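Residue numbers (this note's numbering): 1026 to 1075.
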């Protein structure tokens, strides 16, 4: 069973979004792909015991 995708909304400065979008494009990735990757890495690091 495939998990149901959900949407989130984030507010940020326009300049940050523009830089992020450009960098994603340079790497051939969508902003969605990169955000999911970053969230996964952050959660993995946060769950590691100190």
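We put the CB at the ideal spot given by N, CA and C, even for glycine.
Given the structure is predicted, the values throughout are model-derived calculations rather than measurements.
Can you tell me the Cα-Cα spacing of residue 1057 and residue 1037, whole angstroms? 15 Å
Let's see if you can read the secondary structure: which residues bound the alpha helix (DSSP H) around residue 1061? 1056-1071
What are the start and end residues of the alpha helix (DSSP H) that includes residue 1043? 1039-1051
Look at residue 1035 and residue 1049 and say whether their C-beta atoms are less than 8 Å apart. no
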